[in-house]
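So the structure is just underneath, and the comments pick up after that.
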């Protein structure tokens, strides 16, 4: 896709700059809260200037989580040649960005409210994640007819979300190891790459955004 | 334990009345938000009056979730003679109280912040739930040495929390059925009662509070 030109290009570039600053602020925040003023400061703007580009705090945070999902898809999706089960790779990465994990669970919980600005985003996000993971499981196992891929996808995504909640309260929990064992118990080893042996997740390319909760 | 008398008894009874009203308000709320004013109105008090008894909205909501946990323990715990795996029974019940499920995920997410007033409550809650469930699994399976009960407890609790998040966004998901299948896949059928056959959860005694997320 060619880059948009004219006034939209400028707005879009500024939006992206704010999203990147917010991703960085949350990634570095650990357990602490991030204020919109912190984010505005990082891009040399005022609070009102940031709001002008997004309309609301929820809209900005939703855009941040969308960007995080896109970065994770690029980094841990099938196209990246990642042969680990996707949840292991993502959870291993997420353990280094508690601020973004916290933002995710916060917003996902709030978005359950039907009128919440991020409601549609989360509804569609889970539909998409479940469909993609189910497809990946069906392609990865030797006998797709022997597994209920839709159920497995719901369970893996649920366990990954719930482990993140427990881990935020007790960082001693090894989320990736726990989900690895679940994958082995329910689907068998190496399913993410058919029968290929697993290898560690590739190092992140420089400057790449953090990964979403799976 | 005998009931406290004197001024404390009065305060305590009023606190309990507010907690019960809040439980009812959230249980009936569906996906909608509940305001402290709604709760105050149910007990014929002002907002300030309710705040006088709890100090903060977070403290009241934490007390509500504590009461919900206690009710679920009474209703679905081993002492209740419930032979279903505890998560199935609790999730089946929770599906009728989306407002309380939403309150739970909201507050659990917010409480990940170390300075949040409910942080200690949630930290201890998960420690306790994990320890209890692990113990129950060890007692329920034929060969305790063959299972990693601590891992299973983390996974069941995580899956139950995560399924509730997905269910809030898509009520077509059958949380109890999904967690039942997980129990069967990981531990085998009937583990909650040793080798006893499972039976439906008993009906709730009248006036009992709603159940917590597991």
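Residue numbers (our numbering), protein chains in the order written: chain A, 7 to 220; chain B, 7 to 220. In this text, a Cβ means the ideal position worked out from N, Cα and C, and glycines have one as well.
Hey, is residue i's beta-carbon within less than 7 Å of any beta-carbon in chain B?
i	result
residue 127 of chain A	no
residue 118 of chain A	yes
residue 111 of chain A	yes
residue 139 of chain A	no
residue 168 of chain A	yes
residue 218 of chain A	Confidence at residue 218 of chain A is low in this model, with a pLDDT of 45, below 50, so its placement is unreliable and the value that follows should be read with caution. Residue 218 of chain A does not count as touching chain B.
residue 210 of chain A	The predicted position of residue 210 of chain A is uncertain, since its pLDDT is 38 and thus under 50; a value taken from the coordinates is nonetheless stated next. Answer no: the Cβ-Cβ gap between residue 210 of chain A and chain B never drops below 7 Å.
residue 26 of chain A	no
Give the range of the alpha helix (DSSP H) segment to which residue i is assigned.
i	result
residue 100 of chain B	92 to 100
residue 131 of chain A	125 to 146
residue 75 of chain B	63 to 82
residue 104 of chain B	104 to 116
residue 186 of chain A	181 to 192
residue 54 of chain B	53 to 60
residue 167 of chain A	155 to 175
residue 44 of chain A	42 to 48
Starting from residue i, find everything on chain A with Cβ-Cβ shorter than 7 Å and list it in chain order.
i	result
residue 5 of chain B	Outside the shown range of chain B, which is 7 to 220, sits residue 5 of chain B, and nothing can be said about it.
residue 114 of chain B	171
So which residues of chain B does residue i contact, with C-beta pairs closer than 8 Å?
i	result
residue 179 of chain A	160
Show which residues of chain B have a CB atom less than 9 Å away from the CB atom of residue i.
i	result
residue 132 of chain A	171, 172, 175, 176
Run through chain A and tell me which residues come within less than 9 Å of residue i, C-beta to C-beta.
i	result
residue 192 of chain B	188, 191, 192
Quick check: is the beta carbon of residue i nearer than 7 Å to any beta carbon in chain A?
i	result
residue 45 of chain B	no
residue 202 of chain B	Low local confidence applies: a pLDDT of 37 at residue 202 of chain B is under 50, so the model's placement there is unreliable, and no value is given.
Does any C-beta atom of chain E lie closer than 7 Å to the C-beta of residue i?
i	result
residue 95 of chain B	The question asks about chain E, but that chain is absent: this structure's protein chains are A and B.
_Where the stretch 78 to 109 of chain A meets chain B: residues whose CB sits under 7 Å from a CB there_ = 108
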